[in-house]
Amino acid sequence: MALAMEKQMIVGEVPVSPFSRLFSMPGLDCFNIVTIGFKNEASPSAFTEGLKNTLLNHPRFSCILETGPGEHKPRWIPTQVNIKDHVVVPNIDPTIDNPDQFLEDYTSNMVFSPIDKCKPLWEIHILNIKTSDAESLVVARFHHSLGDGMSLMSLLLACSRKTSDPEALPTLVAPKLSKVTNVWSSLAARLWLIIRLMFNTIVEVFKFLLIVCSFCDNRTPLMEKPSATRIPNKFIHRVISLDDVKVVKNAMNMTVNDVILGMVQAGLSRYLSQKYDTETNPKLKKSLEKICLRGVVFFNLRSNKKIEDLAKMMEKRSTSRWGNSIGYAMIPLWMRSENDIFEYIRRAKTTMDRKKLSLEPLFSYVLLKLTVEVFGSKALRALAMRIFGRSTIILSNVAGPTEEISLFDHQISYVSASISGFPQAQKWQSTKALIVHITSYVSKAIINLGVDLDVIPDPHNLCDHIVEALQMMKSAVEDKISADLIV
1 MALAMEKQMI VGEVPVSPFS RLFSMPGLDC FNIVTIGFKN EASPSAFTEG
51 LKNTLLNHPR FSCILETGPG EHKPRWIPTQ VNIKDHVVVP NIDPTIDNPD
101 QFLEDYTSNM VFSPIDKCKP LWEIHILNIK TSDAESLVVA RFHHSLGDGM
151 SLMSLLLACS RKTSDPEALP TLVAPKLSKV TNVWSSLAAR LWLIIRLMFN
201 TIVEVFKFLL IVCSFCDNRT PLMEKPSATR IPNKFIHRVI SLDDVKVVKN
251 AMNMTVNDVI LGMVQAGLSR YLSQKYDTET NPKLKKSLEK ICLRGVVFFN
301 LRSNKKIEDL AKMMEKRSTS RWGNSIGYAM IPLWMRSEND IFEYIRRAKT
351 TMDRKKLSLE PLFSYVLLKL TVEVFGSKAL RALAMRIFGR STIILSNVAG
401 PTEEISLFDH QISYVSASIS GFPQAQKWQS TKALIVHITS YVSKAIINLG
451 VDLDVIPDPH NLCDHIVEAL QMMKSAVEDK ISADLIV
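Each residue of the sequence shown is one higher than the one before, counting from 1 in UniProt numbering.
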């Protein structure tokens, strides 16, 4: 008995990351909302059995997060899990008139649905309803203290198998490593890289601190209104072609992330232009050219783990490193109306290249960690409120598998994700009325918008502008290629 108690305390004393502590504070509960579409009807019994053999073996998903009063450090307490308490199968009329709208409403209502903290903080909802993009769906809600987006995507892959080979685990595309051709030129390049890294870090960290201590975003239609609920309460998604993104990427010799950020900026600019066109005050119409908006972008700080390692971890019920290992950076968003649609991508690339070649994301993580360890939870909460209150939009994206996969013998059609309950600002600060999260799956890119309807009452219109921006970029590339062929 004593040995069992000792083992429980060892597991319970696993350190909780700064972000996990932040997301577990009263009033700041943050959840990952993941929607998985399937190409066939969902079997609740297959999911129940599959979860028993995979997810329940993961230590975090079979533990209760004990926060305690005051400055009590949170810890994980192992518990017995009843799978029936975590799998929900609602009775849905299969002949419902608008299944897409039903899915949006169902997902959005989960934001205000309480979750029992006396059990592990996750639940799976199985919806046997046919939508435009899937034959059936699973909507999962995971407390953010369980892990960040990259952790959850890796976990999904570890629970899945290749559709082409039911016994093989999926794979993620590994980053390409450049080959060393000359030792001296390689050393010179590394030295120059270190110099640029140090310079960019100093500049970006200084700008970060300056923004946190002083500047706020300009007021726009993306800001809160007095009647706003102050949290995203509507979630919508749109499936687009990842191949279209790659057409633009290859033509401009940039990355997929550059094109996606440029696409989002162009869509937001078009949306704001439409809003300002309805204003009768000419000064407001011109103000778009001077608007200064910032977004918070999250960065994965962990080294790339193999899916096989995570699968073995669940088999052995290991307690290897898991959780929220993310940093963030403040980025300026280009909102001006541009005749050249590619200018949004160029601006995105310039910004992200500086951020990636700096230690700002690591600095932000260490800042939160030192704050909570030295000054406690109240100081961590105040710092987070100030940081996220200095920006308007949260941007995040997670790369998924490049091949078809199946989850518990259900072939996946798409994966969409978003965040609910994100830390909100005070009334004198800007609120997060918009969260943009993009995931990829095989040849698809899924745009997910989390909006506060009191601030953005027309999220589908905003999503249309973002999608149209990509089509404009693709058309411009095709026109350029055609012109080059003629010449």
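Yeah, the Cβ is synthetic: ideal placement off N, Cα and C, and Gly gets one too. Everything numeric in this text was worked out from a predicted model, so none of it was measured.
Asked, Found
"Give the straight-line distance between the Cα atoms of L407 and E343, rounded to the nearest whole angstrom.", "40 Å"
"Out of L462, A445, G400, point me to the one whose CA is closest to P170's CA.", "G400"
"Could you tell me the alpha carbon to alpha carbon distance between E404 and I195, rounded to whole angstroms?", "42 Å"
"Going by beta carbon distance, what residues of the same chain come within less than 7 Å of I260, once the five residues before and after it are set aside?", "V245, N397, I438"
"Is T133 near V297, with beta carbons less than 9 Å apart?", "The sequence as given places Asp at residue 133; Thr does not occur at that position. Taking 9 Å as the Cβ cut-off, D133 and V297 do not qualify as a contacting pair."
"Name the residue from L127, P78, S151 whose alpha carbon lies nearest to the alpha carbon of D93.", "L127"
"Which residue's Cα is closest to the Cα of I96: K130, P457, P90, M110?", "K130"
"Rounding to the nearest angstrom, what Cα-Cα distance links V372 and G389 in this structure?", "19 Å"
"If you compare alpha carbons, which of S108, L462, P166 is closest to D409?", "P166"
"Return the chain-ordered list of same chain residues with a C-beta closer than 6 Å to the C-beta of G37, the five sequence neighbours on each side being excluded.", "D133, A134, L137, S413, Y414"
"Name the residue from S43, V442, R386 whose alpha carbon lies nearest to the alpha carbon of L209.", "R386"
"Among H125, L65, I115, R60, which has the Cα closest to the Cα of T48?", "H125"
"For S160, which of V139, L51, V205, S241 has the nearest alpha-carbon?", "L51"
"Should W122 and L146 be called a contact, given that it needs their Cβ atoms to be closer than 9 Å?", "yes"
"Give me whichever residues DSSP pairs with E66 in a beta bridge.", "R75"
"Can you check DSSP and say which residues form a bridge with Q411?", "S406"
"Let me know the secondary structure DSSP gives T229 once reduced to three states.", "Residue placement at T229 cannot be trusted, given a pLDDT of 46 that sits under 50; what the coordinates show is reported in the next sentence. Three-state DSSP puts T229 in coil, outside helix and strand."
"Between the region 98 to 113 and the region 56 to 65, are three or more C-beta pairs nearer than 8 Å?", "no"
"Report the residue ranges of all alpha helix (DSSP H) runs contained in full by the UniProt domain \"O-acyltransferase WSD1 C-terminal\" (322 to 474); include only those spanning at least 4 residues, in chain order.", "343 to 356, 360 to 374, 377 to 388"
"Measuring straight from C-alpha to C-alpha, what distance separates G394 and G295?", "Checking the sequence, you will find Ile at residue 394 rather than Gly. Their backbone Cα atoms lie some 5 Å apart in a straight line."
"Kindly indicate which three-state DSSP category T255 falls into: helix, strand or coil?", "coil"
"Quick check: S108 and N32, are their CB atoms within less than 9 Å of each other?", "no"
"Cβ atoms of D116 and D148: under 9 Å apart, would you say?", "no"
"Quick check on DSSP: helix, strand or coil for I129?", "coil"
"Can you tell which of I345, S443, V139, I486 has its C-alpha closest to the C-alpha of P90?", "V139"
"Taking the beta strand (DSSP E) that V296 belongs to, which residues open and close that run?", "293 to 300"
"So, helix, strand or coil for A134, using DSSP?", "coil"
"Have a look at T319 and W76 and give me their C-alpha separation to the nearest angstrom.", "The predicted position of T319 is uncertain, since its pLDDT is 49 and thus under 50; a value taken from the coordinates is nonetheless stated next. Their Cα atoms are separated by approximately 11 Å."
"Determine the extent of the beta strand (DSSP E) in which S241 is found, giving its start and end residues.", "234 to 241"
"Let me know if L152 comes out buried or exposed under the rule of 16 or more other beta-carbons within 10 Å of its beta-carbon.", "buried"
"Quick check: what's the CA-CA separation for P44 versus I83?", "12 Å"
"Count the other CB atoms within 10 Å of the CB of M335; is the residue buried (16 or more) or exposed (fewer)?", "buried"
"Are three or more beta carbon pairs between the region 326 to 333 and the region 362 to 372 nearer than 8 Å?", "yes"
"Decide if E360 is buried, meaning its Cβ has at least 16 other Cβ atoms within 10 Å, or exposed.", "buried"
"Please report the distance separating the alpha-carbon of H143 from that of S440.", "22 Å"
"Is N32 helix, strand or coil when you go by DSSP?", "strand"
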